[in-house]
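Chains A and B are the protein sequences, given in the same order.
With full-length UniProt numbering as the guide, the letters of the first sequence map in order to residues 1 to 340.
With full-length UniProt numbering as the guide, the letters of the second sequence map in order to residues 1 to 222.
Below: one structure, written as structure tokens.
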Amino acid sequence: MITMHQLSKIFRTPDQDIAAVDTLDLSINEGEIFGIIGYSGAGKSTLVRLLNMLEQPTAGQVTVGDKNMSELKGRELRKARQEISMIFQHFNLLWSRTVKDNIAFPLEIAGMSKQEKDSRVNELIDLVGLTGRGDAYPSQLSGGQKQRVGIARALANNPKVLLCDEATSALDPKTTDAILELLTDINKKLGLTIVLITHEMHVIRKICHRVAVMEEGRIVEQGNVLEVFRYPQEDMTKEFVKQITEPEETMDAVYELIDDENGPVVKLRFVGEDAEQPVMTELVRHCGVGVNILQGKLSKTQHGSYGTLFVQLQGDDEHLKEALRFLEEHRVKAEVLQHD
Amino acid sequence: MIEQLFPNVEWAALWTASLETVYMSLAAVIMTFILGIILGLLLYLTDKGNFWENKTLHALTAAVVNIFRSIPFIILLILLIPFTNAMLGTFLGPSAALPALVAGAAPFYARLVEIGFREVDKGVIEAAQSMGAGQGRIIMRVLLPESMPALVSGITVTGITLVSFTAMAGAIGAGGLGDLAYREGFQRTQPDVTFASTIAVLIIVFVFQMIGDQLTSKLDKR
């Protein structure tokens, strides 16, 4: 659906040239939710703007569907943009227009008649769950509702691609989840390709099928979300995975126990269906070790579950070795923690 | 009672003068609004990072605006006499004051317009672009409506300045309340006429401010 080939964007400043996107290759399949994660300054905002030519590439090509975006100009480009919608971190609604009129704006641009417009607007308002709020002004809405208006507006012209520029970063966790659910729904219902950029691994985990990790204008790692969670290769990726599996505040407590006399602290990782098996019960029964559970977390991705568990194993050396072997047999990745 | 306080005021003349002032102010406000928005748009659009980014044109517009803004109005009036004469065949009367009024107020208003446009969130313009809107549509459907409260409160401030400009224009024969206060009040030493004219000007200003404020708050949905 989307291919980027040797794509570069260089911002020239008097002091130096900054490559926000650096000879990047990436392809995104039709109908998938593709996440791009990176810290601020990694170039992901620029990257997403290169897809609809809000930024002109310095070099390279972008193809969306059957259109070579980098070659389009004027009217053709504006026409093509109607098929690539975008939602924003700060919603970017027109405050001088009501919810209805905001959603109608892209329809006006497409030149739709008033009657068609009205019925389409009402349809969209229902789709995003804002029934009855059509005559409100954006300033009367909560953040989550504003983003719903943004989504309705983006969907108005039946686009093929939806670009999400940090679309949930200004929202609280609960609202974030509701918006992510809406996006998943839309992806399933309309078969829309969604490209989203974020700095929160939580967002990737929750709705993306595939993920790319971006650093200094390049993609350092990409793959199926569950795979990336399971075998993160790059340090940058490991850091992002840790956002989910190892919340900092509890990790301090876990690390303190490493020096404890009672036994080693082990980090266990479960992936896919294995995460749903009663391995711990079996472990205690078969190997005769004590298991002191310190911290655990089970996360659901679009392709299955992923869990981490920190335990302290108690027993003699023989039993401990046996326990580690047992875990390996049951496809649980065990790692005895030591101080760095 | 009123007869004793204002022995020399001819009420019919005061009324005529008031109407002349209102006419001059209103006509000048409308023309200033249009010309100011055009100039303001030019200033904004030619600025760095905007649609028509153009250093030369921006500098040129800014220079014209700054020069006209810096000329004291009473001098501008005199400077424009030949121009008004050529255009309207006379430099006397309320209509003849209009070119000078607009030339004096529009550059000032253009700056307010530019500030108003700059306050429109760049993200909203970007959103409109991402939907495939062209420049004309973005100007008419995004930039102008989104900055309308600022444009209206700006024209209110400018309008009040225009009322005082009309009084100065009165001094060179434009008519209106300034003319009345100067010729009938000052030159013939009838302070009550000056005083009555002042009250009339104040009423016009207050009404102006009130309408402007109400319109602004009605338009502002933020």
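Think of the CB as a built atom: it goes at the ideal place given N, C-alpha and C, for glycine as much as any other residue.
Please specify which runs of the alpha helix (DSSP H), each continuous and at least 4 residues long, are wholly inside the region 95-141 of chain A, giving them in chain order. 99-110 and 114-127
State the CB to CB distance for the pair A:Ala19 and A:Gly217, rounded to an integer number of angstroms; the pair is presumed to be in contact (CB under 8 Å). Counting from one through the first sequence, the residue named residue 19 of chain A turns up at place 19. Counting from one through the first sequence, the residue named residue 217 of chain A turns up at place 217. Correct: roughly 5 Å between the Cβ atoms.
Among A:Asp317, A:Leu127, A:Glu246 and A:Thr301, which has the Cα closest to the Cα of A:Val203? Position 203 of the first sequence, counted from the first residue, corresponds to residue 203 of chain A. Measuring from the Cα of A:Val203, the nearest candidate turns out to be A:Thr301.
For a contact meaning CB atoms closer than 8 Å, what does A:Leu171 contact in chain B? Translated into the one-based positions of the first sequence, residue 171 of chain A becomes position 171. Residues of chain B passing the Cβ test: none, with the nearest at roughly 16 Å.
Can you look up B:Ala13 in the DSSP assignment and give me helix, strand or coil? As a working note, residue 13 of chain B is residue 13 in the second sequence. The answer is helix: DSSP assigns B:Ala13 an H, G or I state.
Span of the beta strand (DSSP E) holding A:Ile194? One-based indexing of the first sequence puts residue 194 of chain A at position 194. Unbroken beta strand (DSSP E) run through A:Ile194: Thr193 to Thr198.
Which same chain residues end up closer than 6 Å to B:Ser197 when comparing Cβ atoms and leaving out the 5 residues on each side of it in sequence? Counting from one through the second sequence, the residue named residue 197 of chain B turns up at place 197. For B:Ser197, where only same-chain residues beyond five positions count, the Cβ hits under 6 Å are Leu177, Leu180 and Ala181.
Could you confirm whether any beta carbon from chain B is found closer than 7 Å to the beta carbon of A:Met112? Translated into positions along the first sequence, residue 112 of chain A becomes position 112. By this cut-off, A:Met112 is not an interface position.
Among the residues of its own chain, which have a CB less than 6 Å from the CB of A:Val265, if the five just before and after it don't count? Counting from one through the first sequence, the residue named residue 265 of chain A turns up at place 265. So the qualifying residues of the chain are Leu257, Ile258, Gln312 and Leu337.
Distance, A:Lys44 Cα to B:Asp213 Cα: One-based indexing of the second sequence puts residue 213 of chain B at position 213. One-based indexing of the first sequence puts residue 44 of chain A at position 44. Straight-line Cα distance between these residues: approximately 44 Å.
If the cut-off is 9 Å on Cβ atoms, which residues from the region 129-157 of chain A count as contacting chain B, listed in chain order? Tyr137, Pro138, Ser139, Gln140, Gly150, Arg153, Ala154, Ala156 and Asn157
Could you check whether A:Lys333 and A:Arg269 sit closer than 7 Å to each other, using their CB atoms as the reference points? Numbered from its first residue, the first sequence carries residue 269 of chain A at position 269. Numbered from its first residue, the first sequence carries residue 333 of chain A at position 333. Closer than 7 Å, so yes.
Hey, A:Pro57 and A:Ser119 are a contact pair by Cβ (cut 8 Å); roughly how many whole angstroms apart? By 1-based counting over the first sequence, the position of residue 57 of chain A is 57. By 1-based counting over the first sequence, the position of residue 119 of chain A is 119. 39 Å between Cβ atoms; not a contact.
Is B:Leu92 helix, strand or coil by DSSP? Stepping through the second sequence from its first residue, residue 92 of chain B is reached at position 92. In the structure shown, B:Leu92 sits in coil (DSSP, three-state: anything other than H, G, I, E or B).
C-beta neighbour in chain A for B:Glu146, strict 7 Å: Taking the second sequence and counting its residues from 1, the one referred to as residue 146 of chain B is at position 146. Yes, B:Glu146 lies at the interface with chain A (some Cβ there is under 7 Å from its Cβ).
With the cut-off set at 7 Å, would you say B:Val163 and B:Ile204 are in Cβ contact? To locate residue 163 of chain B, count along the second sequence from 1; it is residue 163. To locate residue 204 of chain B, count along the second sequence from 1; it is residue 204. The answer is yes: Cβ separation under 7 Å.
Can you tell me whether A:Gln16 is buried or exposed, with buried defined as 16 or more other CB within 10 angstroms of its CB? One-based indexing of the first sequence puts residue 16 of chain A at position 16. Exposed, because fewer than 16 other Cβ atoms sit within 10 Å of the Cβ of A:Gln16.
How is the beta strand (DSSP E) around A:Tyr306 delimited, first residue to last? The sequence position of residue 306 of chain A within the first sequence is 306, counting from 1. Run containing A:Tyr306: Gly304 to Gln314, per the beta strand (DSSP E) assignment.
Helix, strand or coil: how does DSSP classify A:Thr63 here? Sequence index remark: in the first sequence, residue 63 of chain A carries index 63 (1-based). Note: A:Thr63 maps to strand in three-state DSSP.
Measuring CB atoms only, is the region 97-114 of chain B touching the region 30-37 of chain B, in the sense that at least three cross pairs come out at less than 8 Å? yes
Look at the Cβ atom of A:Gly304, then the Cβ atom of A:Leu183, and state whether they are nearer than 7 Å. Along the first sequence, one-based indexing puts residue 304 of chain A at 304. Along the first sequence, one-based indexing puts residue 183 of chain A at 183. The answer is no: Cβ separation not under 7 Å.
Under a three-way DSSP split, which group does A:Ala167 fall into? In the first sequence, the residue the question calls residue 167 of chain A occupies position 167. Three-state DSSP puts A:Ala167 in coil, outside helix and strand.
I'd like to confirm the pairing. Which residues does DSSP put opposite A:Ser8 in its beta bridges? Numbered from 1 along the first sequence, position 8 holds the residue referred to as residue 8 of chain A. Its beta-bridge partners are A:Ala59.
Output yes if chain A places a C-beta closer than 7 Å to the C-beta of residue 241 of chain B; else output no. Residue 241 of chain B cannot be examined here, being either before or after the span of chain B that is shown, 1 to 222.
Selected residue, minimal CA-CA separation from A:Ser169, among A:Glu234, A:Ile197, A:Ile151 and A:Gly65: The residue given as residue 169 of chain A occupies position 169 in the first sequence. Among A:Glu234, A:Ile197, A:Ile151 and A:Gly65, the Cα nearest to that of A:Ser169 is on A:Ile197.
Per the DSSP calculation, B:Gly154 is bridged to which residue(s)? Within the second sequence, residue 154 of chain B is the residue found at index 154, counting from 1. According to DSSP, which records beta bridges pairwise, B:Gly154 is partnered with nothing at all.
Beta bridge counterpart(s) of A:Met214 as assigned by DSSP: What you label residue 214 of chain A is simply residue 214 of the first sequence in a count that begins at 1. According to DSSP, which records beta bridges pairwise, A:Met214 is partnered with A:Ile219.
Contacts that A:Arg78 makes with chain B (C-beta to C-beta distance below 8 Å): Position 78 of the first sequence, counting from 1, holds the residue named residue 78 of chain A. Per Cβ cutoff of 8 Å: Gly132, Ala133 and Gly134.
Residues in the same chain with beta-carbon distance under 6 Å from A:Asn187, minus the five sequence neighbours each way, listed in chain order, please. Here residue 187 of chain A refers to the residue found at position 187 when the first sequence is read from its first residue. Within the same chain, A:Asn187 has close Cβ partners Ile33 and Ile194.
Using 7 Å as the limit for Cβ to Cβ distance, is B:Val113 near chain A? If you number the second sequence from 1, residue 113 of chain B lands on position 113. Output row for B:Val113: interface = no.
Quick check: what's the CA-CA separation for A:Leu54 versus A:Ser70? Residue mapping note: residue 54 of chain A aligns to position 54 of the first sequence, counting from 1. Residue mapping note: residue 70 of chain A aligns to position 70 of the first sequence, counting from 1. Rounded to the nearest angstrom, the two C-alpha atoms are 11 Å apart.
Simplified DSSP state of B:Ser147, which is helix, strand or coil: Residue 147 of chain B sits at position 147 when you count from the first residue of the second sequence. Residue state, collapsed to three classes: helix.
Does the region 135-142 of chain A come close enough to the region 85-105 of chain A to have 3 or more Cβ pairs within less than 8 Å? yes
Going by DSSP, which residues form a beta bridge with A:Arg269? For the purposes of this step, residue 269 of chain A is taken as residue 269 along the first sequence, with counting starting at 1. DSSP, once it has assigned bridges, lists A:Thr308 and A:Lys333 as partnering A:Arg269.
Just the C-alpha distance for A:His90 and B:Gly123, rounded to the nearest angstrom, thanks. The residue labelled residue 90 of chain A in the question sits at position 90 within the first sequence. The residue labelled residue 123 of chain B in the question sits at position 123 within the second sequence. A:His90 and B:Gly123: Cα-Cα distance of roughly 8 Å.
Rounded to the nearest angstrom, what separates A:Thr13 and B:Met168 at their Cα positions? Taking the first sequence and counting its residues from 1, the one referred to as residue 13 of chain A is at position 13. Taking the second sequence and counting its residues from 1, the one referred to as residue 168 of chain B is at position 168. If I take the Cα positions, the gap works out to 50 Å.
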